[in-house]
Each structure stands twice: as C-alpha cells, then as structure tokens.
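Residue numbers (our numbering): 5 to 191.
Virtual Cβ for every residue (Gly too), placed ideally from N, Cα, C.
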C-alpha cells in the first residue's frame, strides 16, 4: 500500500505573516495542505495566495472561539456574545469547553456556523479538502457531530474522510481498555 505524508499548516488567513510562512513552507518545504480561516483577518489575502497554488490542498479551519462569526448573533446566540452590536465568539477556550461540557451550546447553531464557513470558502472557488478546528474545538461531541453534518450538507467529499476518521478514532481510542499492569495505586 502506497502511503503519503500530509503536512498541514492551520491558521491560513490569520495574519499576513502566517500566510507568507505557510506559502513559503509549501513552496520550499514540506507543507502539502493548509486549513483556511473563513473569519480570519487576512482571509482574502489567503484566498488569493491559494488560488495561485493549485497543488496546495485547502481545507476549512473552523472557528468557534477568538473571533467573529459569519452569522448574526440571533443565529449563533449560544456560541457568541453581543459586542457593540456585533456578534463575537468567546475569547476563552476554557469558557467554550465549559459550555460544551454543560451541553449549553446549540448543535443546530454550531452546524449553521460551520456550514456558513465552509460555504464561504466554496463560494470563492476553494475546493474544501478537509476540516479541522481552531484550538481543537471539534474534539467536543457538541461540535464534532454538527461538523460531520455540515460536511455532508456541503457535499464536497469531505464527509467521507471525516466519517472514516471518526470510526478509526472510536475503534482505536474509545474501545481501548487500560492495561492493569500499567495502573499503580497512586493513579
């Protein structure tokens, strides 16, 4: 079986410096893919750079913390707070994680925001190859499940790899039993 190493650089679209670094690492280094922030401050710059490099695989780096959502506050009220009349995601990953753990994030709102971010990339001609998330917010089931639905809804082929990855993660990590020989009384 032929294997390929994928080296992904996230935060594409965050700053001009990050964008330049990713492009340089792709052109002269080993970066083969990147994930683009639909809500990033230098999003348009990143789209232009990506369009000039068709061999660079581009995914969507889903943002649910630290920036502004694409949707209005009424559409993402469990994810965002009003900030001078505009919606803003919470800045604290810990706060986000606490809300997720308490099941106080609305899965429909999560799905709608993720869908909007994927569609923004697609509308500008980006063929979204994969998804990941800023600060690994997708690790929460309240985000992961809506992310799978959004991938399927956007029907770009990404839902297949996500489904396979989810199955592999469950099989590999969720069903493992601890080895009693490795557990001490202090554990």
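When C-alpha distances from residue 43 are compared across 54, 93, 82, 33, the shortest belongs to 93. Separation of residue 108 and residue 30 (C-alpha to C-alpha, rounded to the nearest whole angstrom) is 39 Å. In the three-state reduction of the DSSP assignment, residue 107 falls in the coil class.
In this chain, the alpha helix (DSSP H) harbouring residue 47 covers 47 to 55.
Collapsing the DSSP output to three states places residue 84 in a strand. The beta-carbon distance between residue 80 and residue 97, rounded to whole angstroms, is 17 Å. This is too long to meet the 8 Å contact definition. Assignment of residue 71 by DSSP, reduced to helix, strand and coil, places it in the coil class. Residue 158 holds the alpha-carbon nearest to the alpha-carbon of residue 118 among 158, 95, 89.
As DSSP reads the structure, residue 136 sits in a beta bridge with 65.
The beta carbon of residue 113 sits closer than 6 Å to those of 80, 82, 83, all from its chain and outside the five residues before and after it, given in chain order. In terms of Cβ geometry, residue 53 and residue 12 do not form a close pair [threshold 8 Å]. Here the alpha carbon of residue 28 sits roughly 29 Å from the alpha carbon of residue 155. Under the DSSP assignment, residue 31 falls in the alpha helix (DSSP H) whose first and last residues are 20 to 32. Comparing alpha-carbon positions, the option among 7, 33, 38 lying closest to residue 138 turns out to be 38. Between the alpha carbons of residue 36 and residue 64 lies a distance of about 15 Å.
For residue 154, the enclosing alpha helix (DSSP H) covers residues 145 to 157. Between the alpha carbons of residue 47 and residue 40 lies a gap of roughly 7 Å.
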